[in-house]
Amino acid sequence: MKTIGMLAGIPDSEQPAVRAHANAVLRNEAGKPMHVDKEHYFTGEMFGEYVEWREKHPSEDLITELLNVEFDDETGTTRKLTKQELVIFLAVVAGAGVETTGRLFGWMGKVLAEHPDQRKELAEDHSLIPTAIEELLRFEPPGPHVARYVATEDVAFQEQIVPAGSAILLMLASANRDERRFEDPDRFDIRRKPGGHLTFGRGAHFCVGSPLARLEGRVALEEVLKRFPEWTIDMDNARRSRTSTVRGWDSMPAIVG
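Converting from the sequence shown to the numbering used here requires adding 19 to each position, the first position being numbered 1.
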C-alpha cells in the first residue's frame, strides 16, 4: 500500500483506509456469491477528494500526471480523462496493485517453505530470484482468473461458438499448468525458463502494473531471505482470504530460524 500510496500521492495516514476499502470491494461470504451493486462497484468515489486537492496542489505523482495527460479516445477526439474515469482508474490500481501483490507475498512464504532446498539456493544466490518470481507467478497466481464479456458478435474458438454478449471466465491458473506449454507443469522449479505464463494476461488485457509487481516481489523476497533464510508455515492456523478475484491468505503464521 505504501508503494501505491507514494505513486498516487495519498498521505500515509489515509493509506490504511484505502487498503481496507479495496479489500472490502473484493470480499464475499463463504458459500455465497459476491454482492455487486453496479451503481457503486469500483466507483472510485473515495479518491474524489484527493483528485480535487491535487488539481489545486499539483505534484510529481500519478494523480497529477493523470490530470494533465491528453490522449486520442475511440472516437478520435483528443481529450483529457474525465473525473469519473480518473477516480475509477485509481480505484482499480489500488485494488489490483495492493491485493494481488500482497497475496503473492503469502504464496512466496508457503511455496518456498514446501521447497526448502530451492529456498536455500535462493538465499545463497540472489541472482536466481527474478526467475523464481516468474515461477511463483506461474505456479500459484494471486489472480487465478479474469472475466470478460464477448462484445458485439459471435466468436468461434476451439470449434466452439461463444455467442455475442456472453460472459466468459478465463482460468489463467489452468493455462499456467498446461502440459502442452510447460514440461512437468505441477512441479515448482526456480530454474524453469521464464516466460509463457498468463498471470499478467496478454495483449490489450496485459497488466500495466506487472513491472511494479515483479519489482516488489523481487525486493520483498531478497529482504526476507537476508533476514530469515529458513522458516516453516503453521498451516493449521493459516486463514484464507474470502475474495472474488484474488486468492491467498489473510494471515499465515510463520516460524523462523
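Built from N, CA and C at the ideal position, the CB exists for glycine as well. Keep in mind it's a predicted model, so treat the numbers as computed, not measured.
Mind reading off the beta-carbon distance from E131 to R138? Whole number of angstroms is fine, and I expect it under 8 Å. Here the question's residue 131 lines up with position 112 in the sequence shown. Here the question's residue 138 lines up with position 119 in the sequence shown. For the sequence presented, residue 131 should be read as Leu rather than Glu. L131 to R138, Cβ: 4 Å. Contact.
State buried or exposed for M25, treating a residue as buried only when at least 16 other CB atoms are found within 10 Å of its CB. Taking the sequence shown and counting its residues from 1, the one referred to as residue 25 is at position 6. Here M25 is exposed, its C-beta having fewer than 16 other C-beta atoms within 10 Å.
Taking contact to mean at least 3 C-beta pairs separated by less than 8 Å, is the region 163-170 in contact with the region 179-190? By the criterion of at least three beta-carbon pairs nearer than 8 Å, the region 163-170 is in contact with the region 179-190.
Assuming A223 is part of the beta strand (DSSP E), what are its boundary residues? The residue labelled residue 223 in the question sits at position 204 within the sequence shown. Note, A223: premise wrong, no beta strand (DSSP E); not H, not E.
Find the nearest neighbour of Q103 within the set E68, G114, G50, A36, judged by alpha-carbon distance. Counting from one through the sequence shown, the residue named residue 103 turns up at place 84. Here the closest residue by C-alpha is E68.
What are the uninterrupted segments assigned as beta strand (DSSP E) that are 3 or more residues long and contained completely in the region 86-137, given in chain order? As far as the region 86-137 is concerned, its whole beta strand (DSSP E) runs of at least 3 residues are 89-91, 97-99.
In this structure, how does DSSP classify Q179 when only helix, strand and coil are distinguished? In the sequence shown, residue 179 corresponds to position 160, counting from 1. Under the three-state reduction of DSSP output, Q179 falls in the strand class.
Taking Cβ positions, are I148 and L156 nearer each other than 9 Å? By one-based count along the sequence shown, residue 148 stands at place 129. By one-based count along the sequence shown, residue 156 stands at place 137. Their beta carbons are not under 9 Å apart, which means I148 does not touch L156 by this criterion.
To the nearest angstrom, report how far apart Q34 and Q179 are at their CA atoms. In the sequence shown, residue 34 corresponds to position 15, counting from 1. In the sequence shown, residue 179 corresponds to position 160, counting from 1. Straight-line measurement puts the Cα of Q179 at about 46 Å from the Cα of Q34.
Buried or exposed for A36, going by 16 or more other Cβ atoms inside 10 Å? If you number the sequence shown from 1, residue 36 lands on position 17. A residue is called buried once 16 or more other Cβ atoms fall within 10 Å of its Cβ, and A36, having fewer, is exposed.
Could you tell me the distance, in whole angstroms, from the CA atom of T120 to the CA atom of D173? Locating residue 120 in the sequence shown gives position 101, counting from the first residue. Locating residue 173 in the sequence shown gives position 154, counting from the first residue. T120 and D173 have their C-alpha atoms spaced approximately 35 Å apart.
Range covered by the alpha helix (DSSP H) that runs through I187: For the purposes of this step, residue 187 is identified with residue 168 of the sequence shown, where counting begins at 1. It is not in any alpha helix (DSSP H) - I187 instead sits in the beta strand (DSSP E) that spans 186-190.
When H145, P160, K99 are compared against E241, the one with the closest alpha-carbon: Within the sequence shown, the letter at position 222 stands for residue 241. Nearest of H145, P160, K99 to E241, Cα basis: H145.
Between the alpha carbons of P182 and G222, how many angstroms are there, rounded? Translated into the one-based positions of the sequence shown, residue 182 becomes position 163. Translated into the one-based positions of the sequence shown, residue 222 becomes position 203. Using only the alpha carbons, I get a separation of about 22 Å.
Taking the Cβ atom as the reference point for each residue, do T218 and P161 lie within a distance shorter than 9 Å? In the sequence shown, counting from the first residue as 1, residue 218 sits at position 199. In the sequence shown, counting from the first residue as 1, residue 161 sits at position 142. With respect to the 9 Å criterion, T218 and P161 are classified as neighbours on the basis of their beta carbons.
Nearest-angstrom Cα separation, counted from R237 out to T83: Taking the sequence shown and counting its residues from 1, the one referred to as residue 83 is at position 64. Taking the sequence shown and counting its residues from 1, the one referred to as residue 237 is at position 218. So the two alpha carbons sit approximately 28 Å from each other.
For S146, three-class secondary structure by DSSP: What you label residue 146 is simply residue 127 of the sequence shown in a count that begins at 1. Of the three classes helix, strand and coil, the one that applies to S146 here is helix, per DSSP.
Straight-line CA distance for G214 to T150? By 1-based counting over the sequence shown, the position of residue 214 is 195. By 1-based counting over the sequence shown, the position of residue 150 is 131. If you take the alpha carbons of G214 and T150, they lie about 9 Å apart.
Just grab the DSSP bridge partners of Y168 for me. For this step, residue 168 is matched to residue 149 along the sequence shown. Partner(s): A186.
Assuming W268 and G125 form a contact by the criterion Cβ under 8 Å, report the distance between their Cβ atoms to the nearest whole angstrom. Along the sequence shown, one-based indexing puts residue 268 at 249. Along the sequence shown, one-based indexing puts residue 125 at 106. The pair is a contact, with the Cβ atoms about 5 Å apart (cut-off 8 Å).
Please classify V265: does DSSP put it in a helix, a strand, or coil? For the purposes of this step, residue 265 is identified with residue 246 of the sequence shown, where counting begins at 1. Judged by DSSP in its simplified three-state form, V265 adopts coil rather than helix or strand.
By how many angstroms is the C-alpha of A39 removed from the C-alpha of R98? If you number the sequence shown from 1, residue 98 lands on position 79. If you number the sequence shown from 1, residue 39 lands on position 20. Looking at the backbone, the Cα of R98 and that of A39 are separated by about 33 Å.
Helix, strand or coil: which one does DSSP assign to S270? Taking the sequence shown and counting its residues from 1, the one referred to as residue 270 is at position 251. Strand, per DSSP.
Could you give the distance in angstroms between the alpha-carbon of F90 and the alpha-carbon of N195? By one-based count along the sequence shown, residue 90 stands at place 71. By one-based count along the sequence shown, residue 195 stands at place 176. Distance between the alpha carbons of F90 and N195 is about 35 Å.
Our contact map puts A27 next to L109 with C-beta atoms below 8 Å; I'd like the distance itself, whole angstroms only. In the sequence shown, residue 27 corresponds to position 8, counting from 1. In the sequence shown, residue 109 corresponds to position 90, counting from 1. Separation of the CB atoms of A27 and L109 is rounded to 6 Å, and the pair is thereby assigned contact status at 8 Å.
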